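In UniProt numbering, the protein residues as written are 1 to 350.
Even for Gly, the Cβ is constructed at its ideal location relative to N, Cα and C.
These numbers were taken from a predicted model, which means no experiment stands behind them.
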(Lines of atoms letter the chains of each structure in order from A and count residues from 1; the text may use other names and numbers.)
(Lines give C-alpha, C1' and ligand atoms only; values in the text may rest on other atoms or scores of the structure.)
Protein backbone atom coordinates (compact mmCIF):
# COMPACT_ATOMS: atom_id res chain seq x y z
CA UNK A 1 0.00 0.00 0.00
CA UNK A 2 1.59 3.31 -1.08
CA UNK A 3 2.29 5.93 1.59
CA UNK A 4 -0.12 8.85 1.72
CA UNK A 5 0.97 12.10 0.06
CA UNK A 6 0.99 13.84 3.46
CA UNK A 7 3.36 11.28 4.96
CA UNK A 8 5.57 11.26 1.85
CA UNK A 9 5.96 15.04 2.04
CA UNK A 10 6.65 14.82 5.78
CA UNK A 11 9.37 12.19 5.21
CA UNK A 12 11.00 14.28 2.48
CA UNK A 13 10.94 17.46 4.58
CA UNK A 14 12.40 15.72 7.64
CA UNK A 15 15.32 14.08 5.80
CA UNK A 16 16.02 17.34 3.92
CA UNK A 17 16.16 19.34 7.15
CA UNK A 18 18.40 16.73 8.78
CA UNK A 19 20.75 16.74 5.78
CA UNK A 20 20.87 20.55 5.84
CA UNK A 21 21.62 20.59 9.58
CA UNK A 22 24.34 17.97 9.11
CA UNK A 23 25.93 20.03 6.35
CA UNK A 24 25.85 23.10 8.60
CA UNK A 25 28.06 21.26 11.10
CA UNK A 26 30.73 20.79 8.44
CA UNK A 27 30.26 24.33 7.15
CA UNK A 28 30.86 25.53 10.71
CA UNK A 29 34.22 23.77 10.71
CA UNK A 30 35.12 25.57 7.50
CA UNK A 31 34.06 28.91 8.96
CA UNK A 32 36.28 28.27 11.99
CA UNK A 33 39.27 27.93 9.66
CA UNK A 34 38.57 30.95 7.52
CA UNK A 35 41.33 31.63 5.01
CA UNK A 36 43.89 29.62 6.94
CA UNK A 37 45.19 26.07 7.10
CA UNK A 38 44.80 23.77 10.06
CA UNK A 39 48.27 22.32 10.51
CA UNK A 40 49.34 19.48 12.77
CA UNK A 41 50.92 20.77 16.00
CA UNK A 42 53.83 18.39 16.56
CA UNK A 43 54.84 20.14 19.77
CA UNK A 44 52.12 18.36 21.76
CA UNK A 45 52.69 14.71 22.52
CA UNK A 46 53.75 11.97 20.17
CA UNK A 47 53.55 13.53 16.69
CA UNK A 48 50.78 15.78 17.95
CA UNK A 49 48.16 13.01 17.90
CA UNK A 50 45.85 12.04 20.76
CA UNK A 51 42.64 10.05 21.33
CA UNK A 52 44.00 6.62 20.32
CA UNK A 53 46.03 8.38 17.67
CA UNK A 54 42.93 9.33 15.70
CA UNK A 55 42.58 13.05 16.34
CA UNK A 56 45.41 15.54 15.78
CA UNK A 57 46.40 18.58 17.77
CA UNK A 58 45.99 21.33 15.19
CA UNK A 59 46.70 25.04 15.05
CA UNK A 60 45.58 27.62 12.51
CA UNK A 61 48.28 29.19 10.35
CA UNK A 62 48.00 31.70 7.49
CA UNK A 63 48.30 30.07 4.08
CA UNK A 64 51.10 32.28 2.82
CA UNK A 65 53.26 31.40 5.84
CA UNK A 66 52.60 27.68 5.35
CA UNK A 67 53.49 27.85 1.67
CA UNK A 68 56.65 29.80 2.44
CA UNK A 69 57.77 27.25 5.05
CA UNK A 70 57.01 24.25 2.86
CA UNK A 71 58.71 25.60 -0.26
CA UNK A 72 61.92 26.97 1.19
CA UNK A 73 65.27 25.15 1.08
CA UNK A 74 65.08 23.81 4.64
CA UNK A 75 62.81 20.70 4.89
CA UNK A 76 63.18 20.66 8.68
CA UNK A 77 60.71 23.49 9.12
CA UNK A 78 57.98 21.99 6.93
CA UNK A 79 54.53 21.78 8.48
CA UNK A 80 51.89 19.12 7.81
CA UNK A 81 48.56 20.50 6.62
CA UNK A 82 45.51 18.85 8.16
CA UNK A 83 42.73 20.74 6.37
CA UNK A 84 41.61 23.96 4.76
CA UNK A 85 38.22 25.58 4.26
CA UNK A 86 36.24 23.50 1.78
CA UNK A 87 37.63 20.15 2.86
CA UNK A 88 34.70 19.61 5.22
CA UNK A 89 31.58 21.17 3.71
CA UNK A 90 32.50 21.22 0.04
CA UNK A 91 30.53 24.35 -0.80
CA UNK A 92 32.01 24.38 -4.31
CA UNK A 93 30.09 21.15 -5.05
CA UNK A 94 27.33 21.58 -2.50
CA UNK A 95 24.76 19.72 -4.58
CA UNK A 96 26.91 16.59 -4.50
CA UNK A 97 27.86 16.88 -0.83
CA UNK A 98 24.20 17.43 0.12
CA UNK A 99 23.02 14.35 -1.77
CA UNK A 100 24.94 11.80 0.33
CA UNK A 101 23.48 12.81 3.74
CA UNK A 102 20.07 13.03 2.07
CA UNK A 103 20.33 9.33 1.14
CA UNK A 104 21.74 8.46 4.56
CA UNK A 105 18.94 10.09 6.54
CA UNK A 106 16.31 8.60 4.21
CA UNK A 107 17.64 5.11 4.96
CA UNK A 108 17.81 5.83 8.69
CA UNK A 109 14.30 7.23 8.97
CA UNK A 110 12.34 5.25 6.38
CA UNK A 111 13.96 1.83 6.40
CA UNK A 112 15.30 1.53 9.96
CA UNK A 113 12.85 3.53 12.07
CA UNK A 114 9.87 3.17 9.71
CA UNK A 115 9.04 6.88 9.85
CA UNK A 116 6.45 8.29 9.52
CA UNK A 117 3.74 5.64 9.33
CA UNK A 118 5.43 2.40 10.40
CA UNK A 119 7.06 3.32 13.69
CA UNK A 120 6.83 0.35 16.07
CA UNK A 121 6.93 1.65 19.68
CA UNK A 122 8.10 -1.75 20.91
CA UNK A 123 11.11 -1.83 18.57
CA UNK A 124 11.82 1.92 18.49
CA UNK A 125 14.36 1.97 21.38
CA UNK A 126 16.55 -0.71 19.80
CA UNK A 127 16.23 0.94 16.38
CA UNK A 128 17.43 4.23 17.84
CA UNK A 129 20.26 2.34 19.53
CA UNK A 130 21.15 0.81 16.14
CA UNK A 131 21.41 4.28 14.60
CA UNK A 132 23.60 5.42 17.52
CA UNK A 133 25.93 2.48 16.85
CA UNK A 134 25.94 3.33 13.13
CA UNK A 135 26.95 6.93 13.91
CA UNK A 136 29.72 5.77 16.24
CA UNK A 137 31.06 3.28 13.72
CA UNK A 138 30.95 5.92 10.98
CA UNK A 139 32.93 8.47 13.02
CA UNK A 140 35.55 5.98 14.21
CA UNK A 141 36.08 4.44 10.77
CA UNK A 142 36.49 7.84 9.15
CA UNK A 143 38.97 9.00 11.79
CA UNK A 144 40.96 5.85 11.08
CA UNK A 145 40.84 6.62 7.34
CA UNK A 146 42.13 10.12 7.96
CA UNK A 147 44.90 8.87 10.22
CA UNK A 148 45.96 6.21 7.71
CA UNK A 149 46.03 8.85 4.99
CA UNK A 150 48.10 11.10 7.23
CA UNK A 151 50.63 8.32 7.82
CA UNK A 152 51.01 7.75 4.08
CA UNK A 153 51.08 11.44 3.13
CA UNK A 154 54.58 12.27 1.89
CA UNK A 155 53.81 15.63 0.29
CA UNK A 156 53.74 18.28 3.05
CA UNK A 157 51.32 20.37 0.96
CA UNK A 158 48.79 17.50 0.84
CA UNK A 159 45.52 18.02 2.71
CA UNK A 160 45.18 14.84 4.69
CA UNK A 161 41.53 15.36 5.62
CA UNK A 162 40.66 15.35 1.93
CA UNK A 163 40.87 11.58 1.48
CA UNK A 164 40.86 10.27 -2.11
CA UNK A 165 39.62 13.59 -3.46
CA UNK A 166 36.40 13.46 -1.41
CA UNK A 167 35.26 16.00 1.14
CA UNK A 168 35.12 14.86 4.76
CA UNK A 169 31.34 15.35 4.79
CA UNK A 170 31.02 12.83 1.94
CA UNK A 171 33.15 10.31 3.84
CA UNK A 172 31.17 10.49 7.07
CA UNK A 173 27.81 10.27 5.34
CA UNK A 174 28.94 7.50 3.00
CA UNK A 175 29.98 5.45 6.01
CA UNK A 176 26.59 6.18 7.59
CA UNK A 177 24.89 4.70 4.53
CA UNK A 178 27.20 1.68 4.47
CA UNK A 179 26.67 0.79 8.12
CA UNK A 180 22.91 1.38 7.85
CA UNK A 181 22.68 -1.10 4.97
CA UNK A 182 24.89 -3.56 6.87
CA UNK A 183 22.83 -3.40 10.06
CA UNK A 184 19.60 -3.65 8.06
CA UNK A 185 20.91 -6.73 6.25
CA UNK A 186 21.84 -8.28 9.58
CA UNK A 187 18.38 -7.50 10.93
CA UNK A 188 19.78 -6.04 14.14
CA UNK A 189 17.07 -3.40 14.33
CA UNK A 190 14.07 -5.67 13.88
CA UNK A 191 14.53 -8.68 16.15
CA UNK A 192 11.29 -9.68 17.82
CA UNK A 193 9.84 -12.48 19.86
CA UNK A 194 8.14 -13.86 16.77
CA UNK A 195 10.95 -15.24 14.64
CA UNK A 196 9.92 -16.94 11.40
CA UNK A 197 11.36 -20.14 10.04
CA UNK A 198 14.01 -19.85 7.34
CA UNK A 199 12.73 -20.64 3.82
CA UNK A 200 13.53 -24.02 2.32
CA UNK A 201 16.24 -23.32 -0.24
CA UNK A 202 15.47 -26.60 -2.03
CA UNK A 203 12.28 -24.97 -3.34
CA UNK A 204 14.03 -21.97 -4.85
CA UNK A 205 14.03 -21.59 -8.64
CA UNK A 206 17.16 -19.78 -9.79
CA UNK A 207 17.01 -17.00 -12.38
CA UNK A 208 20.71 -16.30 -12.14
CA UNK A 209 21.42 -16.38 -15.89
CA UNK A 210 18.86 -13.71 -16.69
CA UNK A 211 19.88 -11.61 -13.70
CA UNK A 212 23.56 -11.68 -14.59
CA UNK A 213 23.00 -11.02 -18.27
CA UNK A 214 20.94 -7.89 -17.64
CA UNK A 215 23.26 -6.75 -14.85
CA UNK A 216 26.22 -6.85 -17.24
CA UNK A 217 24.19 -5.10 -19.92
CA UNK A 218 23.42 -2.26 -17.48
CA UNK A 219 27.03 -2.16 -16.29
CA UNK A 220 28.16 -1.95 -19.90
CA UNK A 221 25.71 0.89 -20.53
CA UNK A 222 26.88 2.95 -17.55
CA UNK A 223 30.51 2.22 -18.50
CA UNK A 224 29.95 3.71 -21.95
CA UNK A 225 28.03 6.57 -20.37
CA UNK A 226 30.81 7.31 -17.87
CA UNK A 227 33.53 7.22 -20.55
CA UNK A 228 31.54 9.65 -22.69
CA UNK A 229 30.92 11.94 -19.70
CA UNK A 230 34.63 11.98 -18.79
CA UNK A 231 35.65 12.69 -22.39
CA UNK A 232 33.12 15.54 -22.47
CA UNK A 233 34.48 16.91 -19.15
CA UNK A 234 31.14 16.26 -17.46
CA UNK A 235 32.69 14.01 -14.80
CA UNK A 236 35.79 13.80 -12.60
CA UNK A 237 38.85 13.07 -14.78
CA UNK A 238 39.92 9.91 -12.91
CA UNK A 239 36.36 8.50 -13.22
CA UNK A 240 36.80 6.13 -10.27
CA UNK A 241 34.48 7.93 -7.84
CA UNK A 242 31.83 8.65 -10.46
CA UNK A 243 31.90 5.13 -11.86
CA UNK A 244 31.61 3.53 -8.42
CA UNK A 245 28.38 5.44 -7.77
CA UNK A 246 26.97 4.39 -11.15
CA UNK A 247 27.74 0.75 -10.24
CA UNK A 248 25.87 1.24 -6.95
CA UNK A 249 22.95 2.67 -8.94
CA UNK A 250 22.86 -0.44 -11.17
CA UNK A 251 22.75 -2.78 -8.16
CA UNK A 252 20.03 -0.78 -6.37
CA UNK A 253 18.02 -0.35 -9.59
CA UNK A 254 17.88 -4.10 -10.14
CA UNK A 255 16.95 -4.67 -6.50
CA UNK A 256 14.19 -2.05 -6.62
CA UNK A 257 12.67 -2.61 -10.04
CA UNK A 258 13.55 -6.16 -11.03
CA UNK A 259 16.29 -7.70 -13.11
CA UNK A 260 14.92 -7.47 -16.66
CA UNK A 261 12.79 -5.12 -18.82
CA UNK A 262 9.73 -7.34 -18.38
CA UNK A 263 9.67 -6.17 -14.76
CA UNK A 264 10.76 -2.58 -15.42
CA UNK A 265 7.81 -1.83 -17.73
CA UNK A 266 5.43 -2.75 -14.90
CA UNK A 267 7.09 -0.29 -12.51
CA UNK A 268 6.78 2.90 -14.53
CA UNK A 269 5.53 4.87 -11.52
CA UNK A 270 8.68 4.28 -9.47
CA UNK A 271 11.00 4.84 -12.42
CA UNK A 272 9.16 8.09 -13.22
CA UNK A 273 9.68 9.30 -9.64
CA UNK A 274 13.39 8.52 -9.99
CA UNK A 275 13.83 10.37 -13.31
CA UNK A 276 11.54 13.36 -12.68
CA UNK A 277 12.79 13.80 -9.10
CA UNK A 278 16.41 13.86 -10.33
CA UNK A 279 15.63 16.41 -13.04
CA UNK A 280 13.84 18.70 -10.55
CA UNK A 281 16.69 18.36 -8.05
CA UNK A 282 19.29 19.38 -10.64
CA UNK A 283 17.20 22.45 -11.43
CA UNK A 284 16.80 23.27 -7.73
CA UNK A 285 20.55 23.21 -7.06
CA UNK A 286 21.23 25.22 -10.21
CA UNK A 287 18.90 27.94 -8.91
CA UNK A 288 20.36 27.66 -5.39
CA UNK A 289 23.85 28.36 -6.70
CA UNK A 290 22.64 31.37 -8.66
CA UNK A 291 20.86 32.67 -5.55
CA UNK A 292 23.74 32.17 -3.08
CA UNK A 293 26.78 32.57 -5.32
CA UNK A 294 28.75 30.22 -3.05
CA UNK A 295 26.91 26.89 -2.81
CA UNK A 296 28.06 25.19 -6.01
CA UNK A 297 25.64 22.93 -7.85
CA UNK A 298 28.46 20.81 -9.28
CA UNK A 299 27.53 21.56 -12.89
CA UNK A 300 27.13 24.73 -15.01
CA UNK A 301 28.90 26.23 -12.03
CA UNK A 302 30.51 29.69 -11.87
CA UNK A 303 32.11 28.56 -8.59
CA UNK A 304 33.86 25.62 -10.29
CA UNK A 305 34.68 27.74 -13.33
CA UNK A 306 36.44 30.26 -11.11
CA UNK A 307 38.31 27.60 -9.13
CA UNK A 308 39.19 25.10 -11.90
CA UNK A 309 38.64 26.91 -15.18
CA UNK A 310 35.63 27.24 -17.46
CA UNK A 311 36.33 23.88 -19.12
CA UNK A 312 35.75 22.16 -15.74
CA UNK A 313 32.54 23.89 -14.72
CA UNK A 314 30.50 20.71 -15.33
CA UNK A 315 32.75 18.03 -13.79
CA UNK A 316 30.21 17.29 -11.05
CA UNK A 317 27.31 16.50 -13.39
CA UNK A 318 27.92 12.74 -13.50
CA UNK A 319 27.98 12.45 -9.71
CA UNK A 320 24.98 14.76 -9.34
CA UNK A 321 22.86 12.61 -11.64
CA UNK A 322 23.90 9.24 -10.19
CA UNK A 323 23.55 10.33 -6.55
CA UNK A 324 20.06 11.78 -7.01
CA UNK A 325 18.91 8.87 -9.15
CA UNK A 326 19.78 6.70 -6.14
CA UNK A 327 18.03 9.06 -3.68
CA UNK A 328 14.77 9.25 -5.62
CA UNK A 329 14.86 5.52 -6.31
CA UNK A 330 15.19 4.92 -2.55
CA UNK A 331 12.48 7.52 -1.90
CA UNK A 332 10.09 5.71 -4.26
CA UNK A 333 10.73 2.52 -2.27
CA UNK A 334 10.34 4.35 1.05
CA UNK A 335 6.88 5.60 0.10
CA UNK A 336 6.10 2.18 -1.40
CA UNK A 337 5.57 3.36 -4.96
CA UNK A 338 8.37 1.37 -6.60
CA UNK A 339 6.30 -1.72 -7.29
CA UNK A 340 3.82 -2.47 -10.09
CA UNK A 341 0.49 -0.68 -10.03
CA UNK A 342 -2.15 -3.00 -8.66
CA UNK A 343 -5.41 -2.74 -10.53
CA UNK A 344 -8.62 -3.56 -8.70
CA UNK A 345 -10.06 -6.92 -9.69
CA UNK A 346 -13.52 -6.71 -11.12
CA UNK A 347 -15.96 -9.04 -9.44
CA UNK A 348 -18.75 -10.43 -11.52
CA UNK A 349 -22.17 -10.07 -9.96
CA UNK A 350 -24.05 -13.33 -10.29
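- Burial check for residue 6: the Cβ neighbour count within 10 Å stays below 16, so the residue is exposed.
- Counting only residues of its own chain and dropping the five nearest sequence neighbours on each side, residue 62 has a CB closer than 7 angstroms to the CB of 36.
- Within a 10 Å sphere around the beta-carbon of residue 15 sit 16 or more other beta-carbons, which makes this residue buried.
- Within a 10 Å sphere around the beta-carbon of residue 131 sit 16 or more other beta-carbons, which makes this residue buried.
- Boundaries of the alpha helix (DSSP H) harbouring residue 321: 317-334, taken from the DSSP string.
- When DSSP reads this structure, residue 27 sits in no beta bridge, so it has no partner.
- Of the candidates 72, 25 and 80, 80 places its Cα closest to the Cα of residue 43.
- Going by C-alpha positions, residue 305 is about 10 angstroms away from residue 296.
- Taking 7 angstroms as the cut-off, the beta carbon of residue 278 is found no closer than this to the beta carbon of residue 214.
- Taking the C-beta atoms as reference points, residue 18 is found no nearer than 7 angstroms to residue 98.
- Under DSSP, the beta-bridge partners assigned to residue 58 are 40.
- Spanning the alpha carbons of residue 282 and residue 75 requires a straight line of approximately 46 angstroms.
- Boundaries of the beta strand (DSSP E) around residue 83: 81-84.
- About 6 angstroms separates the Cβ atoms of residue 338 and residue 267, confirming a contact at the 8 angstroms cut-off.
- Going by DSSP, residue 240 is part of the alpha helix (DSSP H) stretching over 240-257.
- Excluding residues up to 5 positions away in sequence, 90, 170, 298, 316, 319, 320 and 323 lie with their Cβ nearer than 8 angstroms to the Cβ of residue 96 in the same chain.
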